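Novice:
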Amino acid sequence: MLKLKNKILFAVCNLLFVYATAQTNLVPNPSFEIHDTCPSNQGQTSYAVGWSIYRLIAPYYNACAIPSYLYDPSSAGMPANGGGYQYALDGQAYIGVWSYFQQGSDSRAAAGCQLTTTLTIGTKYYVSFWASLSAIDSSYNYNTATDHLGALFSTVPYNVSNPSPKNNHAQVYGTTLITDTVNWTKITGSFVADSAYKYIALGNFFDNAHTNEHFFYTGNSVGDSTAFYYIDMVCVSTDSLECNTVMGIKDITGNQAMFYYNSSDKKIIIKENGPYTVQVIDTYGNQINELKLQGFQNIDVSTYNYGCYIVILTNQQGITTKKIIINP
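Numbering (our numbering), first residue to last: -14 to 313.
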């Protein structure tokens, strides 16, 4: 079995494996599914493996968190949390960023990560992510929608002490006001790398003078207004088709083989009668294990490093492919 150190940046959880062939998303953990700890409050973006806060604060939400009340600032669950109520576009997790906060202060929030590969100067890259506006509620000053959510690429990482710049620049950003609190809106674009970028940041990197806003109500002072967005499914690729994939890893089912993953016991449960072969592939496309089995079997994966894996079961009827996510 391939040995990986804990905390390594897992390559692209949303790779679409077709018979163990990986695709080209350069964003590790793109739907924020892989985590080392369940979040319990705001400011815990680093619990999503590979991600961290690049400016101000960027909450991490995951269904594994202890359920709490809607709008409770300490609530980090999914779908109900401190920002409102929204199901993840893919899986059970997403992050949030403030694109507008207190007019005049130009406060912004951003989250970022290191890409799995440094971008090549002169190469065209396609970028996409999905956003959904949080709740609209006068009690919590969630009354604003904005445009200019985008992706900023850099050669250096950022953090709260050294925040990502807000200089009216991002390689890819949206120019349409996102007002939908129910559905997810895709922000997409492309650019030619002019530097050897290693990092991506997500947020609004434009000041108030260059950001368009829409206020849903005027009951509170404008200075108290905020715009908060959920973000999910991030993609950077040289393949224009890769970032057109709406979801992450699909369960690709051929013969409907009877097997499933018990995440509590960390066992793959297989209910087959005849002979079959099981392959386990990591998100780098490496084969972790191959077993030739027959009949009912429990495969213990508790010793695997946490992350995303693809399980391929092949029998006389065909091939069934499923994803599993192993958390600590």
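Backbone N, C-alpha and C fix where the C-beta goes; we use that ideal spot for every residue, glycine too.
Small disclaimer: the values here were computed from a predicted structure and weren't measured.
#1: For K307, count neighbouring C-beta atoms within 10 Å of its own C-beta (all shown protein chains included) and say buried if the count is 16 or more, exposed if not.
#2: Assuming I172 contacts V221 under a Cβ cut-off of 8 Å, what Cβ separation, rounded to an integer in Å, is found between them?
#3: What does P260 pair with, by DSSP beta-bridge criteria?
#4: At what residue ranges does the stretch 179 to 224 contain a whole run of the beta strand (DSSP E), taking only runs of 3 or more?
#5: So, under 8 Å CB-CB, L104 and A181 are touching, yes? Tell me the CB distance rounded to an integer number of Å.
#6: Helix, strand or coil, according to DSSP, for T101 in the structure here?
#7: Under a three-way DSSP split, which group does S16 fall into?
#8: Given a threshold of 16 other Cβ atoms within 10 Å of its Cβ, counted over all protein chains shown, does A314 qualify as buried or as exposed?
#9: My assumption, with CB atoms under 8 Å, is that N126 sits in contact with D209. Please give the rounded CB distance.
#10: Please check the pair Y45 and P24, which I expect to be a contact at CB under 8 Å, by giving their CB distance rounded to whole angstroms.
#11: Select from G35, H195, A61 the residue whose C-alpha is nearest the C-alpha of S16.
#12: Three or more beta-carbon pairs under 8 Å between the stretch 148 to 167 and the stretch 132 to 140, yes or no?
#13: Starting from G67, trace the beta strand (DSSP E) in both directions and tell me its first and last residue.
#14: Buried or exposed, going by whether 16 or more other CB atoms sit within 10 Å of the CB of A78?
#15: Alpha carbons only, please: which of V286, N258, N128, I295 is nearest the one belonging to T211?
#16: Run the CB neighbour count on E18, radius 10 Å, all protein chains shown included, and call it buried at 16 or more, exposed below.
#17: In whole angstroms, what separates the C-alpha of A33 from that of Y72?
#18: Would you mind stating whether F201 and I121 have Cβ atoms separated by less than 7 Å?
#19: Label S146 either buried or exposed according to how many other C-beta atoms from any shown protein chain fall within 10 Å of its C-beta, with 16 as the threshold for buried.
#20: By the three-class DSSP mapping on this structure, what secondary structure does S31 have?
#21: Reducing DSSP to helix, strand and coil, say where C228 ends up.
#22: Report yes or no: do the stretch 292 to 312 and the stretch 257 to 267 share at least 3 C-beta pairs separated by less than 8 Å?
#23: Please classify Q302 as buried or exposed, where buried requires at least 16 neighbouring CB atoms within 10 angstroms.
Specialist: Result, derived from the coordinates:
#1: Your numbering for residue 307 matches position 322 in the sequence shown. Result: buried.
#2: Mapped onto the sequence shown, residue 172 falls at position 187. Mapped onto the sequence shown, residue 221 falls at position 236. Rounded, the Cβ-Cβ distance is 13 Å, inconsistent with contact.
#3: Looking up residue 260 in the sequence shown gives position 275. Its beta-bridge partners are Q279.
#4: 184 to 189, 198 to 200, 211 to 222
#5: Within the sequence shown, residue 104 is the residue found at index 119, counting from 1. Within the sequence shown, residue 181 is the residue found at index 196, counting from 1. Indeed, because the Cβ distance is near 6 Å, the residues count as touching under 8 Å.
#6: Residue numbering aside, residue 101 sits at position 116 when the sequence shown is read from its first letter. Coil at T101, not helix or strand.
#7: Position 31 of the sequence shown, counting from 1, holds the residue named residue 16. DSSP places S16 in coil when its eight states are reduced to three.
#8: Because the chain here runs from -14 to 313, residue 314 falls outside it and cannot be looked at.
#9: The count along the sequence shown starts at 1 and reaches residue 126 at position 141. The count along the sequence shown starts at 1 and reaches residue 209 at position 224. With a Cβ gap of about 5 Å, N126 and D209 count as contacting.
#10: Locating residue 45 in the sequence shown gives position 60, counting from the first residue. Locating residue 24 in the sequence shown gives position 39, counting from the first residue. Contact holds; Cβ gap of about 5 Å.
#11: Here the question's residue 16 lines up with position 31 in the sequence shown. The shortest Cα separation from S16 among G35, H195, A61 belongs to G35.
#12: yes
#13: Translated into the one-based positions of the sequence shown, residue 67 becomes position 82. No beta strand (DSSP E) holds G67; DSSP gives it neither H nor E.
#14: Residue mapping note: residue 78 aligns to position 93 of the sequence shown, counting from 1. So A78 ends up on the buried side.
#15: As a first step, residue 211 must be located in the sequence shown, where it is residue number 226. Ranking V286, N258, N128, I295 by Cα distance to T211 puts N128 first.
#16: For the purposes of this step, residue 18 is identified with residue 33 of the sequence shown, where counting begins at 1. It is buried - the Cβ of E18 has at least 16 other Cβ atoms within 10 Å.
#17: Walking along the sequence shown from the start, residue 33 turns up at place 48. Walking along the sequence shown from the start, residue 72 turns up at place 87. The alpha-carbon atoms of A33 and Y72 are separated by roughly 17 Å.
#18: For this step, residue 201 is matched to residue 216 along the sequence shown. For this step, residue 121 is matched to residue 136 along the sequence shown. Cβ distance < 7 Å, so F201 and I121 count as in contact.
#19: Translated into positions along the sequence shown, residue 146 becomes position 161. Burial call: exposed.
#20: Taking the first residue of the sequence shown as 1, we reach residue 31 at position 46. In this structure, S31 counts as helix in the three-state DSSP scheme.
#21: Locating residue 228 in the sequence shown gives position 243, counting from the first residue. Residue state, collapsed to three classes: helix.
#22: yes
#23: As a working note, residue 302 is residue 317 in the sequence shown. The residue is exposed, with fewer than 16 neighbouring Cβ atoms inside 10 Å.
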